[in-house]
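In our numbering, the protein residues as written are 1 to 243.
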């Protein structure tokens, strides 16, 4: 990272976009202190996050990653892992909101079905919906989505996207994704290259600038056109602050 500085207001959705290896995931991983910066600081509500205990900080953050981490155990246990003491009713309610309840109910023992190590007996889309249900149970105010829809087929993608849209409501969200559907839902976008912020703005603004974002967007649209016409998604209203 080099001279990276930006502010995210409570409840905003911000997308980090850039080539592979640009530093997007590194920025996101600074928030729950998976790394600490060599210089500078990360602040939440004006306080340096290093002033919080790791436990109290990480209780405020939910992560939904490309490679969902699930454990050997029941479906209910894996969803309830989001928060100690979660009740059965809370687990089921979270699964409903994550579009997971229907497929869970069809499993041999429903919520008591045993998952294999890394849940290899579930599809990629099913694993992601379990992860989203876990995040609903956790109900943390900060949400990090790191390539949560990568590698999913079209049907799974739309089911996961619906769950993510519900999950993001009212939460301060950082999105790292190559998916146009997710990126265009952001209030504003940071374009990262070689560890630096190269552009900042809304989707339409960045397209007009004809810079890196426009180039990346054109490439993604071309890839989408090879399969099907991409959906046009309306941007939500939002504000940004960048220094």
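Note that beta-carbon positions come from the ideal geometry of N, C-alpha and C, so glycine has one too.
Worksheet entry | Bounding residues of the alpha helix (DSSP H) (the contiguous stretch that carries residue 23) | Neither: residue 23 is in no alpha helix (DSSP H) and is coded neither H nor E.
Worksheet entry | Cutoff 6 Å; reference residue 131; Cβ partners in own chain excluding five residues on either side | Counting only Cβ-Cβ distances below 6 Å, and skipping sequence neighbours, we find 64 and 68.
Worksheet entry | Contacting residues, own chain, Cβ-Cβ under 7 Å from residue 237 (five flanking each side not counted) | At residue 237, the pLDDT of 36 sits below 50, so the modelled position is not reliable; the number obtained from the coordinates is stated separately. Excluding sequence neighbours, residue 237 sits near nothing in its chain.
Item to complete: In the DSSP assignment, find the unbroken alpha helix (DSSP H) run with residue 75 in it and report its ends.
Response: Its alpha helix (DSSP H) spans residues 75-80.
Worksheet item: Any Cβ of chain C within less than 8 Å of the Cβ of residue 117?
Response: Absent here is chain C; the protein component of the structure consists of one chain.
Item to complete: Select from 107, 25, 143 and 36 the residue whose C-alpha is nearest the C-alpha of residue 60.
Response: Here the closest residue by C-alpha is 143.
Worksheet item: With a Cβ-Cβ cutoff of 8 Å, do residue 172 and residue 4 count as a contact?
Response: Not in contact: residue 172 and residue 4 (Cβ atoms no closer than 8 Å).
Worksheet entry | Segments assigned beta strand (DSSP E), at least 3 residues, entirely inside the region 31-78 | Within the region 31-78, the runs of beta strand (DSSP E) that reach at least 3 residues and sit entirely inside it are, in chain order, 61-65.
Worksheet entry | Residue closest to residue 103, alpha-carbon to alpha-carbon, out of 122, 56, 195 and 89 | It is 122.
Item to complete: Take residue 152 and list the residues in its own chain whose beta-carbon comes closer than 8 Å to its own, dropping the five residues that flank it on each side.
Response: Excluding positions up to five away in sequence, the list reads 124, 125, 128 and 160.
Worksheet item: For residue 75, which of 52, 66, 54 and 116 has the nearest alpha-carbon?
Response: Selected option, being the one with the closest Cα: 116.
Worksheet item: Is the beta carbon of residue 201 less than 8 Å from the beta carbon of residue 98?
Response: Against a cut-off of 8 Å, the Cβ pair of residue 98 and residue 201 comes out as no contact.
Item to complete: State the Cα-Cα distance for the pair residue 229 and residue 155, rounded to the nearest angstrom.
Response: With a pLDDT of 47 at residue 229, under the threshold of 50, the predicted position of this residue should be treated as unreliable, and no value is reported.
Worksheet entry | For residue 184, the three-state DSSP class (helix, strand or coil) | It is coil, neither helix nor strand.
Practice prompt. Mark residue 17 as exposed unless 16 or more other C-beta atoms lie within 10 angstroms of its C-beta, in which case mark it buried.
Written response: Buried, because 16 or more other Cβ atoms sit within 10 Å of the Cβ of residue 17.
Practice prompt. Mark residue 84 as exposed unless 16 or more other C-beta atoms lie within 10 angstroms of its C-beta, in which case mark it buried.
Written response: Classification for residue 84: exposed.
Worksheet item: If you compare alpha carbons, which of 45, 20 and 57 is closest to residue 33?
Response: Out of 45, 20 and 57, 57 has the C-alpha closest to the C-alpha of residue 33.
Fill in: Limits of the beta strand (DSSP E) - the one that residue 198 falls within
From DSSP, the beta strand (DSSP E) with residue 198 extends over 196-201.
Practice prompt. Measure the Cβ-Cβ separation of residue 1 and residue 195 and say whether it is below 8 Å.
Written response: Between residue 1 and residue 195, the CB-CB gap stays under 8 Å.
Worksheet entry | Presumed contact (8 Å Cβ cut-off) between residue 140 and residue 62, rounded CB distance | Confirmed, about 4 Å.
Worksheet item: Roughly how many angstroms separate the alpha carbons of residue 147 and residue 197, rounded to a whole number?
Response: Between residue 147 and residue 197, the C-alpha separation is close to 19 Å.
Worksheet item: For residue 219, which of 179, 192 and 193 has the nearest alpha-carbon?
Response: Looking at the Cα atoms, 179 is the closest of the given residues.
Item to complete: Can you grab the Cα-Cα spacing for the pair residue 165 / residue 100, in whole Å?
Response: So the alpha carbons of these two residues sit roughly 14 Å apart.
Worksheet item: Expressed to the nearest angstrom, what Euclidean distance is found between the alpha-carbon atoms of residue 190 and residue 206?
Response: Between the alpha carbons of residue 190 and residue 206 lies a distance of about 10 Å.
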